[in-house]
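In this text, residue positions in the sequence shown follow full-length UniProt numbering: the first is 1, and each later residue adds one.
Beta carbons are placed, not taken as given, at the ideal position from N, Cα and C, and that holds for glycine.
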Amino acid sequence: MRHSLKTGLSFGVTSGIITTLGLIVGLYTGTGSKIAVLGGILTIAVADAFSDALGIHISEESENVHTSKEIWEATLFTFLTKFASAMTFSLPFLLFSLPIAVKVSIVWGLLLLIVFNFYLARQQKENPFKVIGEHLFISLVVIIITNFIGNRISSIFSSD
């Protein structure tokens with residue numbers, strides 16, 4: 001696999017999953033609003049995908065080892081994979097009630113991470129359980145922290 005594709009794919013998928021899960025959990029516990037969560041997913045899919053793509057673009061440029069074509073490929077692949085992976089999380093919110101959609105999204109995101117990291121570990125001849133474990137741990141920390149933040153925001157700003 002070409003470096004530019006690998007960079008864009010690995011960064012875009014991982015960031016798309018973890019960022020979107022954090023957003024979903026935080027908005028769900030903070031607002032309890034399906035429209036807020038769907039709006040957040042769409043916003044993340046567009047704004048954060050552009051932001052991450054630009055970040056990869058600048059990072060690749062700073063290395064001074066890639067051609068212009070490779071840099072733009074990595075930029076495009078980052079945007080497309082971040083956008084696509086984030087958008088897959090909108091489907092549960094269109095099909096299920098809010099609490100069920102959140103649970104389905106968490107399972108979906110963790111499953112995607114497991115599959116992607118298993119593939120990545122096999123390619124790099126690393127222990128898949130170690131790679132998957134590290135990335136699942138980080139994802140769970142993000143979910144726990146954003147749940148806490150959403151709860152705090154809700155309790156501070158709710159109009160009781």
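According to the DSSP assignment, ALA53 belongs to the alpha helix (DSSP H) that extends over 49 to 62. If you draw a straight line from the Cα of ASN64 to the Cα of ILE35, it is about 44 Å long.
Rounded to the nearest angstrom, the gap between the Cα atoms of ILE106 and ALA86 is 12 Å.
Under the three-state reduction of DSSP, VAL25 is assigned to helix. Cβ-Cβ distances below 8 Å link LEU27 to SER33, ALA36, VAL37, GLY40 and GLY150 in the same chain, with the five nearest sequence neighbours on each side left out; the list follows chain order. For the pair PHE129 and PHE50, the Cα-to-Cα distance works out to about 32 Å. Assignment of THR88 by DSSP, reduced to helix, strand and coil, places it in the coil class.
Restricting attention to ALA53, ARG122, VAL142 and ILE71, the CA atom closest to the CA of GLY12 is found in ALA53.
Here SER4 has GLU70, GLU73 and ALA74 as same chain residues with Cβ atoms under 6 Å from its own Cβ, once five neighbours each way along the sequence are excluded.
By the CB criterion at 7 Å, ILE114 and VAL25 fall outside the cutoff.
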